[in-house]
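Numbering (the UniProt record's numbering), first residue to last: 1 to 159. Glycine residues also receive a C-beta, built at the ideal position from the N, C-alpha and C atoms.
Laid out in structure tokens, this is it:
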């Protein structure tokens, strides 16, 4: 048991599972039908957790990461090259929040790592932070709300 727990911490194998490209049996498009992948596929590929199905869903995990990468590219000055990184409320085990600055811009991130609603405060209440990115669809986010849904993350920018 100790050995397996230790391997789980240092092994990268858990990150090398076959990519499910389609919902097709037996290997979800990862390899031919007669091949036997080293690792078994997660059974969820049959239920829409595969690239083919996620490409059709604007609220999928794939769509989120495409939007996240686009946000990073379009805000490279602060998301990549920003400085003066400051954690906020490190004692809160469910809220991870920080600011990052670059010239006259400040990025503020608030991430709810819990399964319940969570209130947060924007630093410097008199600032003009604008919601720029989040992991929920825009029509499900009230930009003025200071309550995060379970597992919600938001990024605000003050210019």
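| Beta-carbon gap between residue 109 and residue 120 smaller than 8 Å | In the chain shown, the residue the question calls residue 109 occupies position 109. In the chain shown, the residue the question calls residue 120 occupies position 120. No. Outside cutoff.
| request: List the endpoints of the continuous alpha helix (DSSP H) containing residue 100. | output: Position 100 of the chain shown, counting from 1, holds the residue named residue 100. Where residue 100 is concerned, there is no enclosing alpha helix (DSSP H), although the beta strand (DSSP E) it sits in stretches over 95–102.
| query | Does the region 101–108 come close enough to the region 121–135 that 3 or more CB-CB pairs lie under 8 Å? | reply | yes
| said: Do residue 112 and residue 150 have their beta-carbon atoms positioned less than 8 Å apart in this structure? | reply: Start at 1 with the first residue of the chain shown, and residue 150 comes out as number 150. Start at 1 with the first residue of the chain shown, and residue 112 comes out as number 112. Yes; because the gap between Cβ atoms is below 8 Å, this pair is in contact.
| field | Alpha-carbon spacing of residue 41 relative to residue 128, whole angstroms | value | Mapped onto the chain shown, residue 41 falls at position 41. Mapped onto the chain shown, residue 128 falls at position 128. Roughly 46 Å separates the two Cα atoms.
| task | Check whether the region 50–59 touches the region 68–85, counting contact only when three or more Cβ pairs, one atom from each stretch, lie closer than 8 Å. | result | no
| Among all the DSSP beta bridges, which residues are the ones paired with residue 156? | Translated into the one-based positions of the chain shown, residue 156 becomes position 156. According to DSSP, which records beta bridges pairwise, residue 156 is partnered with 108 and 131.
| Per-residue DSSP class, three states only, for residue 30 | Looking up residue 30 in the chain shown gives position 30. Coil at residue 30, not helix or strand.
| query | If you count every other CB in all the chains shown that lies within 10 Å of the CB of residue 152, and 16 or more means buried, which is it? | reply | Counting from 1 along the chain shown, the entry for residue 152 is found at position 152. Under this definition residue 152 is a buried residue.
| task | Give the DSSP-derived three-state secondary structure of residue 78 in the structure shown. | result | Taking the first residue of the chain shown as position 1, residue 78 is located at position 78. In the three-state reduction of the DSSP assignment, residue 78 falls in the helix class, which pools H, G and I.
| query | Just how far apart, CA to CA, sit residue 73 and residue 48? | reply | As a working mapping, residue 73 is identified with position 73 in the chain shown. As a working mapping, residue 48 is identified with position 48 in the chain shown. For the pair residue 73 and residue 48, the Cα-to-Cα distance works out to about 28 Å.
| Excluding sequence positions up to five away, which residues of its chain have a Cβ less than 7 Å from the Cβ of residue 101? | Here the question's residue 101 lines up with position 101 in the chain shown. Closer than 7 Å at the Cβ level, and outside the excluded window around residue 101, lie 82, 83 and 84.
| Which residue from 67, 88 and 116 puts its Cα closest to that of residue 137? | The count along the chain shown starts at 1 and reaches residue 137 at position 137. Comparing Cα positions, the closest option is 67.
| task | Below 8 Å on the Cβ atoms is my guess for residue 135 versus residue 64; work out the distance and round it to an integer in Å. | result | Taking the first residue of the chain shown as position 1, residue 135 is located at position 135. Taking the first residue of the chain shown as position 1, residue 64 is located at position 64. With 8 Å as the limit, residue 135 and residue 64 qualify as a contact, their Cβ atoms being about 6 Å apart.
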